[in-house]
Every structure is written in structure tokens, then in C-alpha cells.
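Undergrad:
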Amino acid sequence: MLVCTCATARTTASAADTTSPAPTTTSDVPAPASSVTILQAINVTGVVPGPGLWKVTHGDHVLWILGVVPTLPAGIEWRSSQVAQTIAASQAVLASPGVELKVDTNWFGKLFLLPSIYRAQRNPDGKTLQDVLPAPMYARWETAKQHYFGDDRGVERYLPILAASRLMKEAQKANNLRGDGEITDRVAALAQQHGVAVVKPETTLEIREPRQAVKAFAASGPDGIACLGLVLDAVEHELPNFRARANAWATGDIETLRKVPESAYRETCQSAITGAGFAKALGIDNLPARVEGAWLAAADAALATNRQSFAVLPMHDLLDPHGYLAALQARGYTVEAPDAEPADDPAPASSMSPADGAAIPASAASTHSRD
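According to our numbering, the sequence shown holds residues 5 to 375 in order.
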């Protein structure tokens with residue numbers, strides 16, 4: 005059963021899945037007079053198909069890609085027959101891009117690092133957020149803190165970037181939203197079920213001097229004030245868009261995913277980390293480019309070796325006109341979106357899926373920036 009109470013997200017299920025009962029809607033109760041946006045607890049719930057798959061082809065070899073969003077409705081169960089069948093017929097599954105952290109010490113050494121790591125998460129010299137934030141921003145933080153953290157005063161000593169992370173998690177939880185971990189776990193389980201190899205295109209980050217790394221972070225860590233400011237913007241004004249995008253993903257509504265603006269806070273917060281002095285000292289200031297390069301290399305290998313492969317990517321990397329799909333297209337691959345218009349000359353039935361569409365330029369797949 006599928007239930008939706010979102011006015012902005014259409015409820016169009018993926019063509020590759022069985023039809024669900026028509027969703028019902030109810031009007032939202034007006035938000036209270038507060039700078040904190042409070043959404044209704046009811047959201048899209050039940051079994052949902054998610055979006056269709058992007059198709060990347062090289063000759064008779066194909067790579068199917070599932071896009072995932074970082075925030076999903078808390079009450080959904082994702083079940084896609086298209087994904088299950090595609091993974092079962094694939095020779096490899098490419099995991100989402102990631103970073104593997106290797107610390108050059110044993111478990112005993114890691115234990116001794118814990119106090120240093122704990123201190124590095126706090127503002128230096130015993131300062132609180134009230135001491136380091138501009139007064140207008142702190143007033144906004146105080147309002148959000150009272151609503152989402154209650155009497156927890158420990159968060160006051162966090163670095164702004166860590167306070168921003170905790171605030172976003174609490175705001176999502178309070179509004180019946182959650183992360184995308186279920187999706188990646190389900191994909192891994194399907195691969196294991198069908199005996200399909202999982203390729204992890206991870207960038208390895210090796211910390212040879214962990215104590216020095218912690219000291220470098222403490223001395224020149226990320227300036228997270230801009231990050232916290234954008235997270236406050238998101239919590240105050242953008243949660244309805246988070247809800248709309250979460251519902252759109254659940255119901256396979258690619259059009260809404262293209263149209264609803266994505267928050268700028270993620271890119272700003274990431275830049276605060278990779279642009280900090282400690283990142284340059286550790287050689288990770290170019291980490292996003294390295295992560296993208298590792299995934300593209302894995303995609304090249306999959307398309308060269310396997311007749312069929314499956315991959316998972318963040319949705320923003322599929323919809324960004326300068327993202328991973330554009331890079332694949334620049335390599336000479338054909339890219340097809342799940343909601344593209346049918347081609348004039350259909351491909352042979354052996355290479356077509358019910359969700360296939362016409363080949364389109366990667367730039368036509370998005371009009372928005374990153375989530």
C-alpha cells in the first residue's frame with residue numbers, strides 16, 4: 005500500500021513495477037509561527053518501486069544505474085522487480101563511490117587516539133558555539149537547538165561543521181525522513197543472492213601518522229560556519245523540498261526530482277572539509293576528483309568486460325549536467341534516461357528493458373545543482 009500526503013511530489017510509479025493502489029492525499033496543517041519548519045508526520049509509506057534505471061551502453065555491453073537520494077521517507081519499503089531482475093542478469097555490481105580510510109596503527113593505538121579525536125571535535129580553548137558564531141546566526145542556532153536537542157548542552161561545544169551534521173540528522177528524524185542505507189544494503193543483498201560480484205570503486209585514504217593527522221585537524225580544521233549557516237537555511241526553509249524529493253524518489257517521479265531545487269548545503273560542507281588546511285596537509289584536498297576518477301575507471305572496466313553490469317550512484321551525480329553521466333558520455337558511451345522519449349528506431353528486443361528510453365545528451369538530464 006502506498007500513501008502520500010505531499011502536495012508537490014507526483015505519485016507516478018516506475019513502469020517496471022507492479023501497479024500500486026492510487027495514493028491518497030490530505031492537506032497539511034499550517035506551520036506554527038516559528039523559524040523552524042515543522043512537517044506533518046505522515047509521508048509516502050508502504051512498498052514503493054523507486055525510480056527507473058539509467059542505461060549506459062558501449063556496443064552490446066550495458067551498464068544499468070540506479071540513482072539514490074540521501075533522504076527518504078521513513079515509512080517506505082523499497083521493492084523493485086526491475087532492479088532485482090537486472091542484478092540477477094548482471095556479471096558485476098558497482099557500489100556507490102566512496103572512501104576507504106586506512107589508519108596505520110593497531111587497535112591498541114586506535115584506542116589511545118580516542119581522547120585526541122574527542123578533543124578535535126570540540127571548539128578550541130573551551131569555546132562554545134555562542135563564542136564562535138556571529139550573533140545573528142547563533143540566535144537562529146539557539147532556536148533550532150531548543151526544538152531538536154532540548155536540554156542537550158553538549159552540542160554547544162561541537163565544531164560548527166559537526167553541529168551542522170547533528171542538526172540535519174535530528175531535523176530529518178523529527179520529520180519522518182531517514183537516510184538511504186536500506187537501498188545500498190538491499191542492492192548488496194541481491195548481488196549476494198544471485199552470486200554477482202560486487203566491485204567497490206573506493207578511493208583509499210591512508211593515514212600513516214594518525215596522531216599528526218588529529219593534530220593537523222585540530223590546528224587547521226574546517227571552517228564550518230558557512231556550512232552551519234546553510235544547514236540552518238535548510239532546516240528553516242527547505243525541509244518541504246527534502247520531503248518532495250524523498251517522495252519523488254519513492255514513487256519514481258523523475259520529473260519532480262529534476263524540478264525541485266536541491267539544497268546547497270552538502271557541497272558547501274564538503275568544500276569546508278576538503279578546502280581546510282588539514283586536508284591539504286594530508287593530501288586529500290582533491291578527494292572528490294579522486295573519488296570520481298576511481299568510479300569512472302570501474303565503469304570503464306565493467307563496460308569493457310561485461311555484457312551487463314549494474315551500479316548505484318547518488319541521484320545528483322546523474323542529474324548534474326557536469327556529473328558522472330556527462331563524463332561517461334564524453335568517453336563515447338551512449339546515455340539513456342528512464343524518462344526519455346522513445347527512440348524513433350527502437351533497439352533490438354534483446355537489449356531493451358520496459359524502462360528504456362531514447363539516447364539523450366547528459367546535459368539534458370538536469371537543470372539543477374547538487375543535493
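Cβ atoms here follow ideal geometry from the backbone N, Cα and C, with glycine treated the same way. Note that the structure is a prediction, hence the values are computed from the model and not measured.
Would you list the residues sitting across from Y162 in a DSSP beta bridge?
TA: Looking up residue 162 in the sequence shown gives position 158. Beta-bridge pairing links Y162 to R126.
Undergrad: With distances taken Cα to Cα, identify the nearest neighbour of T90 among L332, F314, T338, V339.
TA: The sequence position of residue 90 within the sequence shown is 86, counting from 1. Of the candidates L332, F314, T338, V339, the one whose C-alpha sits nearest the C-alpha of T90 is F314.
Undergrad: Could you compute how far the alpha carbon of Y337 sits from the alpha carbon of W68?
TA: What you label residue 337 is simply residue 333 of the sequence shown in a count that begins at 1. What you label residue 68 is simply residue 64 of the sequence shown in a count that begins at 1. The alpha-carbon atoms of Y337 and W68 are separated by roughly 13 angstroms.
Undergrad: Comparing alpha-carbon positions, which option in V51, L57, T49 lies nearest P318?
TA: By 1-based counting over the sequence shown, the position of residue 318 is 314. The shortest C-alpha separation from P318 is found at L57.
Undergrad: Assign A301 to buried or exposed, taking buried as 16 or more other Cβ atoms, counted over all protein chains shown, within 10 Å of its Cβ.
TA: Sequence index remark: in the sequence shown, residue 301 carries index 297 (1-based). Answer is exposed; the Cβ neighbour count stays below 16.
Undergrad: Can you grab the Cα-Cα spacing for the pair G327 / A293, in whole Å?
TA: Taking the sequence shown and counting its residues from 1, one reaches residue 327 at position 323. Taking the sequence shown and counting its residues from 1, one reaches residue 293 at position 289. If I take the Cα positions, the gap works out to 11 angstroms.
Undergrad: Taking 7 angstroms as the limit between beta carbons, can you name the residues of its chain near E242, skipping five residues before and five after?
TA: As a position in the sequence shown, residue 242 is number 238, starting the count at 1. Once the five neighbours on either side are set aside, the close Cβ partners of E242 are S267.
Undergrad: Between which two residues does the beta strand (DSSP E) containing L317 stretch?
TA: As a first step, residue 317 must be located in the sequence shown, where it is residue number 313. 312 to 318 is the span of the beta strand (DSSP E), which, as asked, contains L317.
Undergrad: According to the neighbour-count rule (16 or more other Cβ atoms, all chains shown, within 10 Å of its Cβ), is P34 buried or exposed?
TA: Along the sequence shown, one-based indexing puts residue 34 at 30. Any answer about P34 is weak, because its pLDDT of 36 lies below 50 and its placement is not dependable; what the coordinates show is given next. The residue in question, P34, is exposed, as its Cβ has fewer than 16 Cβ neighbours within 10 Å.
Undergrad: Quick one: Cα of A334 to Cα of P53, how far?
TA: By one-based count along the sequence shown, residue 334 stands at place 330. By one-based count along the sequence shown, residue 53 stands at place 49. Each residue's alpha carbon lies about 31 angstroms from the other.
Undergrad: May I ask you to report which of helix, strand or coil DSSP gives G113?
TA: Your numbering for residue 113 matches position 109 in the sequence shown. For G113, the predicted structure reports a pLDDT of 39, less than 50, and the residue's modelled location is therefore unreliable. The matter cannot be settled from this model.
Undergrad: Out of A250, L98, P140, which one is the CA nearest neighbour of L194?
TA: Taking the first residue of the sequence shown as position 1, residue 194 is located at position 190. Comparing Cα positions, the closest option is L98.
Undergrad: Report all residues from its chain with a CB closer than 7 angstroms to the CB of Y152; omit the five preceding and five following residues, and keep chain order.
TA: As a first step, residue 152 is located in the sequence shown; it is residue number 148 there, counting from the start. These residues qualify, in order along the chain: L171, E174, A175, A178.
Undergrad: What does the alpha-carbon distance come out to for the pair R262 and N251?
TA: Your numbering for residue 262 matches position 258 in the sequence shown. Your numbering for residue 251 matches position 247 in the sequence shown. If I take the Cα positions, the gap works out to 13 angstroms.
Undergrad: Go ahead and pull the three-state DSSP assignment for T207.
TA: Position 203 of the sequence shown holds residue 207. Note: T207 maps to strand in three-state DSSP.
Undergrad: So what's R270 in DSSP terms, helix, strand or just coil?
TA: Within the sequence shown, residue 270 is the residue found at index 266, counting from 1. Here R270 sits in helix by DSSP.
Undergrad: Please classify K131: does DSSP put it in a helix, a strand, or coil?
TA: Residue numbering aside, residue 131 sits at position 127 when the sequence shown is read from its first letter. Correct three-state label for K131: coil.
Undergrad: Between the alpha carbons of Y142 and T49, how many angstroms are there, rounded?
TA: Here residue 142 is taken as the residue at index 138 of the sequence shown, counted from 1. Here residue 49 is taken as the residue at index 45 of the sequence shown, counted from 1. If I take the Cα positions, the gap works out to 36 angstroms.
Undergrad: So the beta strand (DSSP E) L70 belongs to, where does it begin and stop?
TA: Locating residue 70 in the sequence shown gives position 66, counting from the first residue. Looking at the DSSP string, the run of the beta strand (DSSP E) that includes L70 is 65 to 72.
Undergrad: Of all the options G102, H198, L234, Q197, which has the alpha carbon lying nearest to the alpha carbon of A167?
TA: Translated into positions along the sequence shown, residue 167 becomes position 163. It is L234.
Undergrad: Identify which residue in N290, T260, P265 has its Cα closest to the Cα of Q274.
TA: Taking the sequence shown and counting its residues from 1, one reaches residue 274 at position 270. Residue N290 is the option with its Cα nearest to Q274.
Undergrad: Based on the DSSP output, what are the partners of P77 in its beta bridges?
TA: Taking the first residue of the sequence shown as 1, we reach residue 77 at position 73. Note: P77 sits in a beta bridge opposite L181.
Undergrad: Would you kindly report the start and end of the unbroken alpha helix (DSSP H) that includes G297?
TA: As a position in the sequence shown, residue 297 is number 293, starting the count at 1. Per DSSP, G297 belongs to the alpha helix (DSSP H) from 291 to 309.
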